[in-house]
Amino acid sequence: SDVYEDEGIIMVTPAATSPEITARGYKLVFRTIGLDSAQGPAAGNYIADVAKPKIVAVIHDKQQYGEGIATAVKQTLEKKGVKVALFEGINAGDKDFSSLIAKLKQANVDFVYYGGYHPELGQILRQSKEKGLNAKFMGPEGVGNESISQIAGDASEGLLVTLPKSFDQDPANQALTEAFKAKKEDPSGPFVYPSYSAVQVIADGIAAAKSEDTAKVA
């Protein structure tokens, strides 16, 4: 976003959920997706009020997205009086999570929130089942990829995921949903409608400004 702003290019992100991106006062940076500062507390409240686990662990991949949302979940849980027994980062790209799972088992964790993406969580799920860890797992939209079941197998069953609204199920979007299907495109992905909206925002800005001048469109 720094580069786009410095170079005078409008940026509309359909996928970046870090609040920092649109909190810098930039005039050319926009988004069409929700914030980790909303998604994290929503997940934390669900864990505390609905899941009601005995012992919680919050894990993340040490990256801006994963650690940011994991931190928001941890803070929400602590405000709700839920103790987080383990808050730890793993390295993105790792495939052996034996040491992590050993720590989870030692702490008798029965609920794990993971901030990050599906490749690592898929491995964690599969290996957790193999090693006898009996815990419920939850993650953000970054883990909401159908490929996770190919990695984790049946260990992915019961995974809880926070996702944007199912825009393809909204009757107001029926025509557009059918248009996606006609092109053999899956309209149900979490970033499909935010991406479409991002392009639409730019197009509407150009139409309203009657110009492609960046400042006028913004």
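Quick note on the working numbering: the sequence shown kicks off at 228 and runs consecutively. No residue lacks a Cβ here, since even glycine has one placed at the ideal position from N, Cα and C.
Annotated three-state conformation of Thr298 is helix, per DSSP. Sequence-distant partners of Ala242 (beyond 5 residues in either direction) whose C-beta falls short of 8 Å from its own C-beta, in its chain, are Ile260, Phe418, Pro421, Ser422. Distance from the CA atom of Lys392 to the CA atom of Ile429, rounded to whole angstroms, is 22 Å.
Thr298 and Gly267 have their C-alpha atoms spaced approximately 8 Å apart. With fewer than 16 other CB atoms across the displayed protein chains lying within 10 angstroms of its CB, Val277 is exposed. Beta-bridge analysis with DSSP links Leu387 to Met365. Closest in C-alpha terms to Gln350, from the list Glu368, Ala382, Leu387, comes Ala382.
Linking Lys289 to Pro280 through their CA atoms gives a straight-line distance of about 24 Å.
Counting only residues of its own chain and dropping the five nearest sequence neighbours on each side, Leu387 has a CB closer than 6 Å to the CB of Met365. According to DSSP, residue pairing for Arg251 in a beta bridge does not occur. A Cβ-Cβ separation of about 4 Å places Gly293 in contact with Gly342 under the 8 Å criterion.
Under the three-state reduction of DSSP output, Leu262 falls in the coil class, being neither helix nor strand.
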